[in-house]
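Asker: Just dropping this structure here.
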Amino acid sequence: MTLCCSPSREVTLSTTILENWAVDRTSRGFPVIGVTTCSIRGWFFTNSRVESGRSREVLTPLQCSKPASRQNMHLKDEYILKDTFEDGSTVVFVCDAGYTSAGGSGSIKCTAGIWSPVQLTCERKSCGSLGEVTNGQVSYPEGVQFGDKALITCNIGHILVGKSEIKCEIQGWSARLPTCEVVKCLQPSSIANGTFVPLKEDYAYRDVVEYSCNKGYTLNGSRQLICEENEKFKPSPPSCVWVECKDPVIPNAEYIDGSRPPHRHMATVIYNCKPGYKMIGQNTLTCNISSQWYPRIPECISNTLKMLVVFIKGKKLLYKYGIRQLAHEWVRSYLKDREQFLEVNICFAQYQLWSTSRIGS
Numbered sequence: 045m046t047l048c049c050s051p052s053r054e055v056t057l058s059t060t061i062l063e064n065w066a067v068d069r070t071s072r073g074f075p076v077i078g079v080t081t082c083s084i085r086g087w088f089f090t091n092s093r094v095e096s097g098r099s100r101e102v103l104t105p106l107q108c109s110k111p112a113s114r115q116n117m118h119l120k121d122e123y124i125l126k127d128t129f130e131d132g133s134t135v136v137f138v139c140d141a142g143y144t145s146a147g148g149s150g151s152i153k154c155t156a157g158i159w160s161p162v163q164l165t166c167e168r169k170s171c172g173s174l175g176e177v178t179n180g181q182v183s184y185p186e187g188v189q190f191g192d193k194a195l196i197t198c199n200i201g202h203i204l205v206g207k208s209e210i211k212c213e214i215q216g217w218s219a220r221l222p223t224c225e226v227v228k229c230l231q232p233s234s235i236a237n238g239t240f241v242p243l244k245e246d247y248a249y250r251d252v253v254e255y256s257c258n259k260g261y262t263l264n265g266s267r268q269l270i271c272e273e274n275e276k277f278k279p280s281p282p283s284c285v286w287v288e289c290k291d292p293v294i295p296n297a298e299y300i301d302g303s304r305p306p307h308r309h310m311a312t313v314i315y316n317c318k319p320g321y322k323m324i325g326q327n328t329l330t331c332n333i334s335s336q337w338y339p340r341i342p343e344c345i346s347n348t349l350k351m352l353v354v355f356i357k358g359k360k361l362l363y364k365y366g367i368r369q370l371a372h373e374w375v376r377s378y379l380k381d382r383e384q385f386l387e388v389n390i391c392f393a394q395y396q397l398w399s400t401s402r403i404g405s
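Residue 247 in the numbering used here sits at position 203 of the sequence shown; the count goes up by one each step and never skips.
Put into C-alpha cells, the structure is as follows:
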C-alpha cells in the first residue's frame with residue numbers, strides 16, 4: 045500500500061488512499077478544474093484548462109522547496125537564489141569554510157516534493173603540526189584544527205622573533221613559525237678611575253664582564269656583572285673610590301701595631317691605653333670603604349672611681365664612672381672626656397638632683 049504525504053498545494057482531499065483526487069483552489073482568480081492524485085509515484089496534480097473551446101488535461105509533478113541548511117555545510121552558490129526546484133532536480137551541499145569532507149555524497153534529489161537524505165558529513169580541517177622551534181617550545185592547548193591556536197615560547201635567555209600565537213585558518217596556519225634568538229645585552233656602563241673586560245660590541249645571555257680600578261683606587265661594589273634575560277647587566281656597575289683613613293686620635297692611648305700613614309682600605313691599627321686608664325671599646329681598628337675606622341674609635345678613661353648618684357622614678361641609682369657602663373645618654377655625655385670633675389647643672393625630665401652637683405676624684 046502506498047501512502048502519500050500532504051500535498052504542497054491547497055486542495056480538498058477525498059477519502060480514497062490510492063488514486064485520491066482533490067479540487068485545486070490555488071487558481072489565479074479563475075476556477076481550475078482538476079485533481080491532485082496520490083499515486084504509487086507520489087502526488088500529481090491533473091488539471092483541465094479550456095483552450096479554444098477544447099479542454100486539455102495536464103499532469104504536473106509536485107515541486108520541492110529549497111532544502112534546509114545542514115550542520116557545517118551549505119548549498120553550492122548556484123542554488124542559493126532558487127526557492128523551488130522541479131521534480132527530479134539535483135542540488136549539491138558542500139562543507140563550510142574551515143571544514144572538510146569526512147565521507148558521503150553532498151548530492152540530493154527532489155522526488156515528488158521530497159528531498160533525498162544528505163549523506164555528506166563535514167569535520168573541522170586540520171592544519172597539522174607547525175614543527176619545532178630551536179631553543180623554544182610549541183604547544184597546542186586546543187588542538188590543531190580550524191580555529192585552534194598554537195602558542196610559542198622561548199627558553200630562558202632567548203627572545204621571540206615573530207608571533208607568539210598562530211591560528212589555524214582556511215588556508216592553513218596564519219603565520220610562519222617564529223624563531224628564538226639568544227638575548228643580547230648592550231655594552232655595560234664605564235666607570236671613573238676604572239675599566240672592565242672583555243670589550244665587545246654586544247654580549248650574549250650569561251656573558252660576564254669584570255671591573256677593575258686604577259692604581260690607588262678601591263672597587264666599591266660587585267666586581268663581576270652578568271648579562272641577564274632582560275637584556276641588562278646585573279648587578280649595577282661598581283665605583284672606584286679613593287680610600288684613606290687619618291690616624292685615629294685616642295687620648296691617653298698609645299700605638300702598638302698595624303699600618304702607618306697613609307692608611308688605605310682594610311688597613312688595621314692596634315692601640316692600648318696608657319697605664320692607669322681603661323679602654324672602653326675595641327683596641328683593633330680597620331679602615332673601611334668610607335675612609336672611616338671600624339668599629340668606632342675607643343676611649344681610654346681613668347681607673348680612678350668616680351661616682352654619680354641620681355634619683356630616677358623614686359629609685360636611687362649609683363653610677364661608677366670607668367667601672368659600670370652608663371645606661372643613660374645624658375649622664376654619659378657629661379662624663380665624656382672629663383678626668384677630674386663632673387659638672388651636673390640640669391636634670392632632665394623624670395630626673396632630680398640627689399647629691400652634690402660637683403663630684404671630684
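Virtual Cβ for every residue (Gly too), placed ideally from N, Cα, C.
#1: How far does the beta strand (DSSP E) with Q268 in it extend, from its first residue to its last?
#2: Identify which residue in F190, E167, N332 and G157 has its Cα closest to the Cα of S173.
#3: Would you call the region 133–144 and the region 177–188 touching, i.e. three or more CB-CB distances under 8 Å?
#4: Per DSSP, what kind of secondary structure is E343 in: helix, strand or coil?
#5: Applying the criterion that 16 or more other CB atoms from any shown protein chain within 10 Å of the CB defines a buried residue, is P305 buried or exposed?
#6: What distance in whole Å lies between the Cβ atoms of E254 and V241, which are believed to be in contact at a cut-off of 8 Å?
#7: Can you give me the C-alpha to C-alpha distance between V227 and I124, rounded to a whole angstrom?
#8: What are the start and end residues of each continuous alpha helix (DSSP H) run of 4 or more residues lying completely inside the region 112–197, in chain order?
#9: Have a look at V162, G142, T155 and G157 and flag the residue whose alpha-carbon is nearest the alpha-carbon of G148.
#10: Straight-line CA distance for C171 to G216?
#11: Check whether the Cβ atoms of Y315 and I333 lie closer than 7 Å to each other.
#12: Taking all protein chains shown into account, decide if Y299 is buried (16 or more other Cβ within 10 angstroms of its Cβ) or exposed.
#13: By the three-class DSSP mapping on this structure, what secondary structure does A219 have?
#14: With a threshold of 8 Å on Cβ separation, who are the neighbours of K110 within its own chain once the five nearest residues in sequence on each side are excluded?
#15: To the nearest angstrom, how far is it from the Cα of N237 to the Cα of S266?
#16: Taking the alpha carbon of I324 as the point to measure from, which residue in Q231, P339 and N116 has its own alpha carbon closest?
#17: Can you pull the DSSP bridge partners for L204?
#18: Name the DSSP bridge partner or partners of E245?
#19: Grab me the residues of N179's own chain with a C-beta within less than 7 Å of its C-beta, minus the 5 sequence neighbours each way, in chain order.
#20: Please list, in chain order, all residues of the same chain as S218 whose beta carbon is under 7 Å from its beta carbon, the five residues on each side excluded.
#21: Is the beta carbon of Y143 closer than 7 Å to that of C108?
#22: With distances taken Cα to Cα, identify the nearest neighbour of P292 among Y247, N327 and L230.
#23: Are C271 and L263 close, meaning C-beta to C-beta below 7 Å?
#24: Between H309, T239 and C289, which lies nearest to S283 when the distance is taken from Cα to Cα?
#25: Measuring CA to CA, which of L269, M117 and K322 is closest to S145?
#26: Is DSSP giving G238 helix, strand or coil here?
#27: Locate the beta strand (DSSP E) running through V285, then write down its first and last residues.
#28: How far does the beta strand (DSSP E) with C317 in it reach, from first residue to last?
#29: Could you pull the start and end residues of the beta strand (DSSP E) that G302 belongs to?
#30: So, for E176: in the same chain, excluding its five sequence neighbours on each side, which residues have a beta-carbon less than 8 Å away from its beta-carbon?
#31: Which word fits A156, buried or exposed, when buried means at least 16 other C-beta atoms lie within 10 angstroms of its C-beta?
#32: Between which two residues does the beta strand (DSSP E) containing T328 stretch?
Answerer: In brief:
#1: Start at 1 with the first residue of the sequence shown, and residue 268 comes out as number 224. Here the beta strand (DSSP E) through Q268 covers Q268 to C271.
#2: As a working note, residue 173 is residue 129 in the sequence shown. Ranking the options by Cα distance to S173, first place goes to F190.
#3: In this structure the region 133–144 does not touch the region 177–188; the number of beta carbon pairs closer than 8 Å is below three.
#4: The residue given as residue 343 occupies position 299 in the sequence shown. Strand.
#5: Against the sequence shown, residue 305 aligns to sequence position 261. Counting Cβ neighbours within 10 Å, P305 comes out exposed, since fewer than 16 surround it.
#6: Start at 1 with the first residue of the sequence shown, and residue 241 comes out as number 197. Start at 1 with the first residue of the sequence shown, and residue 254 comes out as number 210. Going by Cβ atoms, the distance from V241 to E254 rounds to 6 Å, so yes, they are a contact pair.
#7: In the sequence shown, the residue the question calls residue 227 occupies position 183. In the sequence shown, the residue the question calls residue 124 occupies position 80. Those two C-alpha atoms are separated by around 56 Å.
#8: If we require 4 residues or more, the region 112–197 turns out to have no alpha helix (DSSP H) run fully inside it.
#9: On the sequence shown, residue 148 is found 104 positions in, with the first residue counted as 1. If we check each option's Cα against that of G148, V162 comes out closest.
#10: Within the sequence shown, the letter at position 127 stands for residue 171. Within the sequence shown, the letter at position 172 stands for residue 216. If I take the Cα positions, the gap works out to 5 Å.
#11: In the sequence shown, the residue the question calls residue 315 occupies position 271. In the sequence shown, the residue the question calls residue 333 occupies position 289. Going by beta carbons, Y315 and I333 fall outside the 7 Å limit.
#12: Stepping through the sequence shown from its first residue, residue 299 is reached at position 255. Answer is exposed; the Cβ neighbour count stays below 16.
#13: Mapped onto the sequence shown, residue 219 falls at position 175. In the structure shown, A219 sits in coil (DSSP, three-state: anything other than H, G, I, E or B).
#14: On the sequence shown, position 66 is the one that residue 110 refers to. Closer than 8 Å at Cβ, skipping near neighbours: L119, Y123, K126, D127, T128 and F129.
#15: One-based indexing of the sequence shown puts residue 237 at position 193. One-based indexing of the sequence shown puts residue 266 at position 222. If I take the Cα positions, the gap works out to 15 Å.
#16: As a position in the sequence shown, residue 324 is number 280, starting the count at 1. Comparing Cα positions, the closest option is P339.
#17: Your numbering for residue 204 matches position 160 in the sequence shown. Paired residue(s): C224.
#18: Position 201 of the sequence shown, counting from 1, holds the residue named residue 245. In the DSSP output, where bridge partners are listed per residue, E245 has none listed.
#19: Mapped onto the sequence shown, residue 179 falls at position 135. If we look at N179 and ignore the five residues flanking it on each side, its Cβ neighbours are C198, N199, H202 and C224.
#20: For the purposes of this step, residue 218 is taken as residue 174 along the sequence shown, with counting starting at 1. So the qualifying residues of the chain are I210 and K211.
#21: To locate residue 108, count along the sequence shown from 1; it is residue 64. To locate residue 143, count along the sequence shown from 1; it is residue 99. Cβ atoms of C108 and Y143: not closer than 7 Å.
#22: Stepping through the sequence shown from its first residue, residue 292 is reached at position 248. Considering only alpha carbons, the answer is N327.
#23: Looking up residue 271 in the sequence shown gives position 227. Looking up residue 263 in the sequence shown gives position 219. It is not a contact, given that the beta carbons lie outside the stated cut-off.
#24: Along the sequence shown, read from residue 1 onward, the residue named residue 283 stands at position 239. The residue with the shortest Cα to Cα distance from S283 is T239.
#25: Translated into positions along the sequence shown, residue 145 becomes position 101. The shortest Cα separation from S145 among L269, M117 and K322 belongs to M117.
#26: Reading the sequence shown from its first residue, position 194 is the one you call residue 238. Three-state result, G238: strand.
#27: Within the sequence shown, the letter at position 241 stands for residue 285. Taken as a continuous stretch (DSSP letters only), the beta strand (DSSP E) holding V285 covers S283 to V285.
#28: Numbered from 1 along the sequence shown, position 273 holds the residue referred to as residue 317. Per DSSP, C317 belongs to the beta strand (DSSP E) from T312 to C317.
#29: Reading the sequence shown from its first residue, position 258 is the one you call residue 302. Taken as a continuous stretch (DSSP letters only), the beta strand (DSSP E) holding G302 covers A297 to G302.
#30: As a first step, residue 176 is located in the sequence shown; it is residue number 132 there, counting from the start. Annotation for E176: V182 place their beta carbon closer than 8 Å to its own, counting only its chain and skipping 5 residues before and after.
#31: What you label residue 156 is simply residue 112 of the sequence shown in a count that begins at 1. Buried, because 16 or more other Cβ atoms sit within 10 Å of the Cβ of A156.
#32: Within the sequence shown, residue 328 is the residue found at index 284, counting from 1. That run of the beta strand (DSSP E) goes T328 to C331.
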